[in-house]
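For the sequence shown, the working numbering gives the first residue as 1, with consecutive numbering after it.
No residue lacks a Cβ here, since even glycine has one placed at the ideal position from N, Cα and C.
Note that the structure is predicted; figures quoted are calculated from it, not measured.
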Amino acid sequence: MKVLVINYEFPPIGGGAGKVTERLAEKLVKKGFKITVLTSGYKNLSGMSINRGIKILRLKTLRSNIGYSSTLEKISFIISALFIINTLVNMEKPNLIHAHFAIPSGIVAYYIKRRYSIPYIITSHGGDIPGFSPEATVYFRLFNWFFKKVWRSADAIIALNDELANKVRRIYKPGKVEVIPNGIDIVYKKCENRKDTYFRILYVGRYSKQKNLGFLISALKDLKESNWELFLIGDGPERGELEKLIRLNHMNDRVHLLPWMSRDELSKFYCMSDIFCIASINEGIPVAGLEAMANGLAIVASNNGGNRQIVEDGVNGFLFELGDKQDLINKLGILMNDKLKLRKMQKESMKRAMKFDWEKIAEQYSEIYEKYSS
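Below is the structure:
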């Protein structure tokens, strides 16, 4: 079966959803699917390449940042895709289109179905749903009438958790909505770098309003304990505001903003950290959170749908109420002062990560592909 996968971000471009697209494609290639990925170009990346059996086509767009894109840059992806789609479909002859994100990728899939009657499925990662990301509010108010057509024309929709699935059903009233979480490669290794003398808190991902990192930094300012460090790895539009907040609160020696890094480099930070903290307003299934679990970190996360999928409160970490700084401070304080509980939660995280093994997730997608292909 030939599948055209569309995502405006694909490694090394983008964040967690791009990584998910890549790993899922790799697993499905091993199952015999022929996968072509249509994505954004960036600087000197090749326009066409083959990596681990995946054919990757990169379009010329206005993309200017490797970690995130603006609304205008997403629109440029749609326009570039529509210009070449006729040639692409005639050349690849796909049996199915798989769009990651209803917006912008689903718009391209919608056009292909209208013109060529090729079925498409959408994986919603959250940012394509109204209310998920504060930055996209105006975007949805202006174009939601059209977005409804994209959702309702899809042959199937995959949401990452029950909360997102229910939002899609309520707002767009599409046909079939299924829940399949993101996956993780389970590769256990012994970490030698964790020290009892210093408590290291880690976050990996975009610096955006949705990720609520300003709240996290402000909460840590009020911690009574002094032996902690926070590492924020990534980039995004909120970087300037975070730098200002760190500077104003004299936290430069404790809070470290680090750029995106390779998987091997990132692995060192997972190994040296004690907990992974997710303060997001909303989440799908946080990929970095899954990676942290597989590397044996306890998780402290805001109480929302995606985070509830990965954190069993009091077992492999804690959930805190969104916006409640004192609740977050209390949960962090417990783990900083009770090393026995911390180590127990770290072990439970590794166990819980098993349910998100990519092999299991890829098999569910394989069944979806077979069911809805032309």
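When the Cα atoms are used, what is the spatial distance from residue i to residue j?
i    : j    : result
L257 : H250 : 14 Å
S76  : I97  : 20 Å
T21  : Q326 : 37 Å
R115 : F143 : 21 Å
P12  : G296 : 25 Å
A109 : E241 : 36 Å
K209 : A102 : 21 Å
Y270 : K173 : 40 Å
N307 : E73  : 29 Å
I112 : Y372 : 15 Å
Y42  : G314 : 43 Å
L88  : I56  : 12 Å
Pull up the DSSP beta-bridge partners for residue i, would you.
i    : result
M48  : L57
A17  : DSSP, once it has assigned bridges, lists no residue as partnering A17.
A99  : I6 and I122
V177 : I157
Specify the secondary structure class of residue i as computed by DSSP and reduced to three states.
i    : result
Y198 : coil
Y68  : coil
D162 : helix
K349 : The sequence shown places Ser at residue 349, rather than the Lys named in the question. S349 falls in the helix class under three-state DSSP.
A156 : strand
R239 : helix
I285 : coil
E229 : strand
K209 : helix
G323 : coil
G306 : helix
S280 : coil
L38  : strand
Just checking my contact of residue i with residue j at CB under 8 Å: how many whole Å lie between their CB atoms?
i    : j    : result
E229 : Y198 : 7 Å
N304 : S349 : Their Cβ separation, rounded to whole angstroms, is 18 Å, which puts N304 and S349 out of contact at 8 Å.
P104 : K2   : Contact flag wrong, Cβ pair sits at about 22 Å.
Count the other CB atoms, across all protein chains shown, that sit within 10 Å of the CB of residue i; report buried if there are 16 or more and exposed otherwise.
i    : result
R206 : buried
R359 : Going by the sequence as given, residue 359 is Glu instead of Arg. So E359 counts as exposed.
W151 : buried
P259 : exposed
M345 : buried
M293 : buried
V5   : buried
D264 : exposed
R58  : buried
G67  : buried
G15  : buried
T61  : buried
E283 : buried
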